[in-house]
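Convert by adding 23 to the 1-based position in the sequence shown; the result is the number in this note's numbering.
Virtual Cβ for every residue (Gly too), placed ideally from N, Cα, C.
Source: prediction; values computed, not measured.
Everything below concerns the one structure shown next.
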Amino acid sequence: MTLRSLGYAYVNFQQQADAERALDTMNFNIIKGRPVRIMWSQRDPSLRKSGVGNIFIKNLDKSIDSKALYDTFSAFGNILSSKVMCDENGSKGYGFVHFETREAAERAIERLNGMLLNDRKVFIGHFKSRKEREAEMGARAKKFTNVYVKNFGEDMDDDKLKEIFSKFGQTLSTRVMTDESGKSKGFGFVNFERHEDAQRAVDEINGKELNGKQLYVARAQKKGERQTELKRKFEQMKQDGMTHYQGDNLYVKNLDDGLDDARLRKEFSPLGPSRVPR
């Protein structure tokens with residue numbers, strides 16, 4: 024038992040009015056160089072973790088900090104927590120407010136979504152867990168109409184791209200991305216009217232050769248979707264690696280401080296080839 028502070032505490036007032044005054048006047052005060060957040064005690068973990076009443080705010084001005092966010096949204100109901108996400112450069116432009124009730128969250132969204140905060144139009148919506156966001160992206164992926172095409176030559180233009188893909192169905196737009204001189208960058212987009220036509224184009228043209236180059240054709244993804252998918256694949260690779268070594272990795276404890284990697288390998292070498300993982 025270290026008796027080290029866990030970074031949070033409870034204060035029980037005799038009078039509710041005193042607790043309300045502390046909440047109103049001391050929230051985000053600086054104590055030992057750090058702003059403290061004060062909220063009503065909520066010991067029900069199911070309410071804290073349910074996400075009910077939790078909203079997401081983006082496109083925040085850099086000047087809006089957690090206190091300003093709290094002050095702005097506290098008019099709509101009791102707030103369990105509020106936070107502007109930051110890095111070493113300050114605000115990242117988005118944050119979260121967790122209301123005690125769904126009704127308070129609904130009022131905040133209805134009144135403030137699309138409004139100007141410090142001359143910036145903010146987006147406010149219900150917070151969605153990663154599982155919910157991935158489910159939505161999966162549903163959109165099944166109904167895509169926009170196709171990404173890459174690895175074609177510099178002579179490709181919008182009309183030629185349309186000619187290649189229009190045989191699969193009605194296209195709403197075709198666009199070859201170009202540099203400042205108007206030369207093709209080797210990739211572009213085709214937007215179909217129907218999902219079925221877009222899917223058929225992907226199935227039939229992806230991997231086919233055009234003027235000696237193998238085309239890559241796939242569903243067009245937004246930047247956020249690409250990042251999420253890459254992160255998911257990376258996590259899966261890590262998990263696969265852990266599973267691979269789970270059966271042959273040993274934990275050795277109570278070693279002398281002077282023992283190094285080379286000595287450890289030497290001690291275990293008679294039993295077979297090994298390495299010291301990091």
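Span separating the alpha-carbon of L273 from that of G295: Here the question's residue 273 lines up with position 250 in the sequence shown. Here the question's residue 295 lines up with position 272 in the sequence shown. Computed Cα separation, rounded: 13 Å.
Using the C-alpha atoms, what's the distance from R57 back to R44? What you label residue 44 is simply residue 21 of the sequence shown in a count that begins at 1. What you label residue 57 is simply residue 34 of the sequence shown in a count that begins at 1. So the alpha carbons of these two residues sit roughly 21 Å apart.
Straight-line Cα distance separating S204 from M307: In this structure the chain extends from 24 to 301, so residue 307 is not present and cannot be described.
Where do the ends of the alpha helix (DSSP H) carrying D284 lie? Start at 1 with the first residue of the sequence shown, and residue 284 comes out as number 261. Its alpha helix (DSSP H) spans residues 284–291.
With DSSP run on the structure shown, which of helix, strand or coil describes S196? Here residue 196 refers to the residue found at position 173 when the sequence shown is read from its first residue. Looking at S196 - three-state DSSP - the assignment turns out to be strand.
If Y93 and S64 are in contact, beta carbons under 8 Å, what's the gap, nearest whole angstrom? As a first step, residue 93 is located in the sequence shown; it is residue number 70 there, counting from the start. As a first step, residue 64 is located in the sequence shown; it is residue number 41 there, counting from the start. With a Cβ gap of about 17 Å, Y93 and S64 do not count as contacting.
Please work out which residues of its chain come closer than 7 Å, Cβ to Cβ, to V199, disregarding the five sequence neighbours upstream and downstream, and give them in chain order. The residue given as residue 199 occupies position 176 in the sequence shown. Closer than 7 Å at the Cβ level, and outside the excluded window around V199, lie M179, D180, D181, L184, S207, G211.
Assuming K81 and G116 are in contact, meaning their beta carbons sit under 8 Å apart, how far apart are those beta carbons, in whole angstroms? Indexing the sequence shown from 1 puts residue 81 at position 58. Indexing the sequence shown from 1 puts residue 116 at position 93. Contact holds; Cβ gap of about 6 Å.
Please confirm if the region 140–149 is in contact with the region 83–91, defined as three or more CB-CB distances below 8 Å between the two stretches. yes
Which listed residue (K254, L46, R27) has its alpha carbon closest to that of R153: By 1-based counting over the sequence shown, the position of residue 153 is 130. The closest CA to that of R153, considering only K254, L46, R27, is found on K254.
Take V145 and list the residues in its own chain whose beta-carbon comes closer than 8 Å to its own, dropping the five residues that flank it on each side. The count along the sequence shown starts at 1 and reaches residue 145 at position 122. So the list reads I80, K81, N82, L83, L135, N136, G137, M138, L139, once near-sequence residues are dropped.
What residues match up with E232 in a beta bridge as DSSP calls it? Along the sequence shown, read from residue 1 onward, the residue named residue 232 stands at position 209. Q237, per the DSSP bridge assignment.
Are there 16 or more other CB atoms within 10 angstroms of the CB of Q250, so buried, or fewer, so exposed? Translated into the one-based positions of the sequence shown, residue 250 becomes position 227. With fewer than 16 other Cβ atoms within 10 Å, it is exposed.
With DSSP as the reference, identify every bridge partner of K106, one or two as the case may be. Counting from one through the sequence shown, the residue named residue 106 turns up at place 83. F119.
Going by other Cβ atoms of all chains shown within 10 Å of its Cβ, with 16 needed for buried, is T194 buried or exposed? The residue given as residue 194 occupies position 171 in the sequence shown. Buried.
Hey, quick one: how far does the alpha helix (DSSP H) through K190 stretch, first residue to last? Counting from one through the sequence shown, the residue named residue 190 turns up at place 167. Taken as a continuous stretch (DSSP letters only), K190 belongs to no alpha helix (DSSP H), as it is neither H nor E.
Within the same chain, show all residues whose beta-carbon is closer than 7 Å to that of Q37, passing over the 5 residues directly before and after it, in chain order. Mapped onto the sequence shown, residue 37 falls at position 14. Within the same chain, no residue comes within 7 Å of Q37 by CB-CB distance, once the 5 residues on both sides are set aside.
Does DSSP put T201 in a helix, a strand or coil? Counting from one through the sequence shown, the residue named residue 201 turns up at place 178. Strand at T201.
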